[in-house]
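For reference, the structure discussed in these notes is given below.
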Amino acid sequence: MFCLRATCPFFWKVFRFRPFSCKPLIVQMNECTDEKEIFDVIDRNKATLSAKQVGHAFNVLWRLQRQKKSSLQNAECVRDHPQFPTLYNLTTHKIESMTDATLVNVLHIAPRSLSVLMTNISSLISQHFQEKLIKKTELLFDTIDSSQVSTARKIVQFLRNVKCTHYPLLEQCDKVFLSNAAHLDLDSISNILAMYQFLRFDSFEFVSVAKKRLTEMIPLFEHPEAFVKLFVALGPVAGPQEKKRLKSTLLLMSEELTSQQALAVVEAMEEMESRNSQLIQKIASVLHKNLENYRPVELLRITQALNVLHFQSKEVFVKLREVLLSSLKGSFRVMETASLLCALSLLPSAHQDEAVLSRIEAFLPQCDLSSLTNFTTFVLRWIESDHMYFGRVIGKQLKLLHTLNLYSRQRLRQSNNLHLLWEELKYVKGDRLHESVLEETIAALQHLMDEINYTNVAKIASFVYENNYLSTSLLDRIAAVVVQQIEKIHPFSVLAIILPFSRLNYDPPQRDEFLGVCVQCLHSHLGALSPPVLVLLGYALATLEYFPEDLLKAIFNIQFLARLDPQLEILTSSLSGKVQFHLMELNRAVCLECPEFQIPWFHDRFCQQQCNKDTGSINGAQQQIYKILAEALGGPSFVKASVLSPYYHTVDFECILDKRKQPLSYGSHNATLGNPAGMYWESNIQTVRSSLPSGAERIAFEFLNSKAFCRNIPHLKGNPAMKKRHLEILGYRVIQIPHFEWNSMALSIPDARVDYLRQRIFGDGKS
């Protein structure tokens, strides 16, 4: 009893300021009807408030503020309240124990503008905190007024800063930009287009609107500063006439350009694939005068642009080399050194002073995979240059190459976190990875593949695609993640996910389910996906022998093709050509493999134009095969070279065997070696067999170089596999001649190749 009496004063002291002590604090806060009541609760309990309760106090204040007619005036009253400093101090003391979600909420309610907060702290936050910010922004986006372009722009800026292509937020911001497009000025349009390009977010609708607005601005700007911004923004998406106007105007003011303006222009011309030699010469002259003023990464950008533009000037390249070497001597940062060496390796004469080797060696312990890869590329180009110009290979270079590989492989073996590994890999281009390093990279990804999920599956798929490396375990994991988490994967990511399966000609165990959920994911976004993307998707699925009727009928209709044409004008000529060619290939695949869809063949004229561009030349290996094939068949009159099949597949060589397996002569109709023989059937009506004597067969010979196979194993890739399938549908027997068989030691002895071809033609018939 005495003990109980002794403890009572203590309990009374702790709870004397809690008239509602029987209720939890959060319940008490929820019952408050104005700011005074909530601040009273805070004041009474300031000694015991937890981080969660402080966060909830902000939620209640935010709710009360939003109920007021004048929220701005009410916010001032809250800030001026005598107890607000108490809440502020409590927040400061509790901030370290707050969860990311609570902290994001508190910061949003206290700066009041989440978009400002996002851009200001983007360089300091963890990935987890970044995800919480993005989730909070998604939840709050509906409260943003559709006219708040500034807020939407800050959100996109944040995504750019953290290098996160978050499609749902980008789509929402894009809608804001589109609804206010008429009021966007040059700076706004330039910034939005630049951020979209960095994030690889394709909004053809915004680009089309921006193109129209920017074209209207051409006569308005005569000062170089504004006109360069216009040139950089409009040039890459402009039509032929607009490009001509832009270039002619810029030519007049080229001598007034600053060093940074000249850099911006030459990069825009690189993107435009410009061939205006006069303008290139003028801009190069400005760059030449200012080479000493550029930072290492800018020198690399200049070198890359001049290379792409096929610029030739000994004077400029000599000066550029001097500046690069001078900068290299004073460089003490890994990324700077990597940029300088990369630029040096791109110059016409890649031979370097051996003192450069010691610069590389000094940085090796500090290098990440990206820098190691850049250094490796530089050394390989140096070795190639020495061999080409001097017929020798320096031992020190080979030793350094071995050391670089050792460091790269060691770093990969130590990787224990997929996110951190990807941060190093995402800047590494597939063709730059040395074979042994690529093997180790794939092994590291396989080791960490349990960490592949909906947030990174498209990135890993892209890496596999770019490297042409068939890892069945990685592809199986990608397919499994997609099947399990498809509801969390944005439709814009589906193309990147499907591409490695298409290119590498690989079916995962749950093939139909995997492709089915991918296509189902697309259905709700068929209208949002750009026509070029839909074409590439259709083609990728066709190589896998997957033909979803809804998707195909969405592509092959007049309305779709009418939308596609203006968007092709926005793309670079190379990408536009790729999309058009894949549309033809998709059209051909559907006609041959799905005739029941009754989709017409409408690419005769396009294919004829392509044939007219083709010189019909064949390489040395094909000429060799032609001669040996003629010998195996009994003479050159029994073989045709460069034949066009129905639907315009090019066949390397062709012969016909009668029913007794005897070669039939083409006689005087035989084509000259290297010139396309032309098509001699109506491409969309008859098959090959219909024009042959009874019992005869037409044989197509295909020489397959290394590009037809996966990088790591002799597995036939998707496109040549589809071509074989199509030729067989047309009635050909297809004999594919892999380069690794043709060039093998077994076929190096006399007559071995003739016997090899005879066996393939007259043997068991297997191809």
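Here numbering that gives the first Met the number 0 is used: the first residue of the sequence shown is 0, the next is one more, and so on. The beta-carbon is built from N, C-alpha and C at its ideal position, and this holds for glycine as well.
For residue i and residue j, which I take to be in contact (beta-carbon distance under 8 Å), what is that distance rounded to the nearest angstrom?
i	j	result
Ala-466	Ala-720	Checking the sequence shown, residue 466 turns out to be Asn, not Ala. Contact doesn't hold; Cβ gap of about 19 Å is too wide.
Arg-358	Thr-336	6 Å
Leu-540	Ile-497	7 Å
Leu-368	Ser-407	6 Å
Val-463	Pro-499	4 Å
Leu-290	Leu-319	6 Å
Gly-666	Ser-636	6 Å
Pro-397	Ile-712	Position check: residue 397 holds Leu in this sequence, whereas Pro was assumed. Actually they do not touch by this definition, with Cβ atoms about 27 Å apart.
Leu-494	Leu-536	5 Å
Opposite residue i in the DSSP bridges: which residues?
i	result
Pro-737	Leu-703
Leu-251	Leu-251 is not bridged to any residue.
Glu-450	Per DSSP, none; premise fails for Glu-450.
Glu-696	Leu-656
Arg-412	According to DSSP, Arg-412 bridges with nothing at all.
Tyr-731	Arg-697
Pro-662	Leu-656
Phe-708	Leu-715
Alpha carbon to alpha carbon, what distance is there between residue j and residue i?
i	j	result
Asp-42	Thr-85	7 Å
Asp-657	Thr-649	23 Å
Val-175	Leu-168	11 Å
Leu-528	Phe-580	19 Å
Val-753	Leu-543	35 Å
Glu-297	Leu-437	29 Å
Tyr-426	Asn-373	10 Å
Gln-609	Thr-150	48 Å
Ala-751	Pro-737	15 Å
Ala-209	Pro-218	16 Å
Asn-704	Leu-715	11 Å
Arg-152	Ala-180	13 Å
Ile-748	Lys-660	27 Å
Ile-569	Lys-612	23 Å
Phe-708	Glu-224	50 Å
Met-216	Val-227	12 Å
Pro-23	Ile-191	48 Å
Asp-564	Lys-458	29 Å
Val-236	Leu-305	20 Å
Ile-554	Gly-515	18 Å
Asp-173	Gly-526	15 Å
Asp-651	Phe-702	7 Å
Gln-735	Lys-487	42 Å
Phe-513	Val-481	7 Å
Pro-81	Gln-126	37 Å
Thr-454	Leu-424	16 Å
Gln-52	Thr-136	22 Å
Span of the beta strand (DSSP E) holding residue i?
i	result
Leu-643	639 to 643
Val-650	649 to 656
Could you tell me the boundaries of the alpha helix (DSSP H) in which residue i lies?
i	result
Pro-719	717 to 728
Phe-491	That residue, Phe-491, is in no alpha helix (DSSP H); it is neither H nor E in DSSP.
Ile-279	276 to 288
Pro-749	No alpha helix (DSSP H) contains Pro-749, which DSSP labels as neither H nor E.
Gln-27	24 to 29
Gln-597	It is not in any alpha helix (DSSP H) - Gln-597 carries neither H nor E in the DSSP assignment.
Met-271	258 to 271
Pro-530	530 to 542
Gln-579	572 to 592
Tyr-770	Any property of residue 770 remains undetermined from this structure, which presents the chain solely from 0 to 766.
Thr-214	203 to 216
Ile-188	185 to 198
His-773	Summary: the structure shown does not reach residue 773, with the chain confined to residues 0 through 766, and so no result is reported for it.
Tyr-625	619 to 632
Asp-549	548 to 554
Lys-228	223 to 233
Leu-305	295 to 307
Ala-46	No alpha helix (DSSP H) contains Ala-46, which DSSP labels as neither H nor E.
Phe-559	557 to 569
Cβ of residue i versus every heavy atom of the ligand NAP: is any distance shorter than 7 Å?
i	result
Phe-310	Only the bare structure without any ligand can be found here, which leaves the ligand NAP out of the picture.
Secondary structure, alpha helix (DSSP H): runs of 4+ residues fully inside the stretch 324 to 369: With a minimum length of 4 residues, the continuous alpha helix (DSSP H) runs that stay inside the stretch 324 to 369 are 333 to 345, 354 to 362.
Threshold first: 4 residues or longer. Then list the alpha helix (DSSP H) segments lying entirely within the stretch 136 to 172, N to C. Entirely contained in the stretch 136 to 172, the alpha helix (DSSP H) runs reaching 4 residues are, in chain order, 148 to 160.
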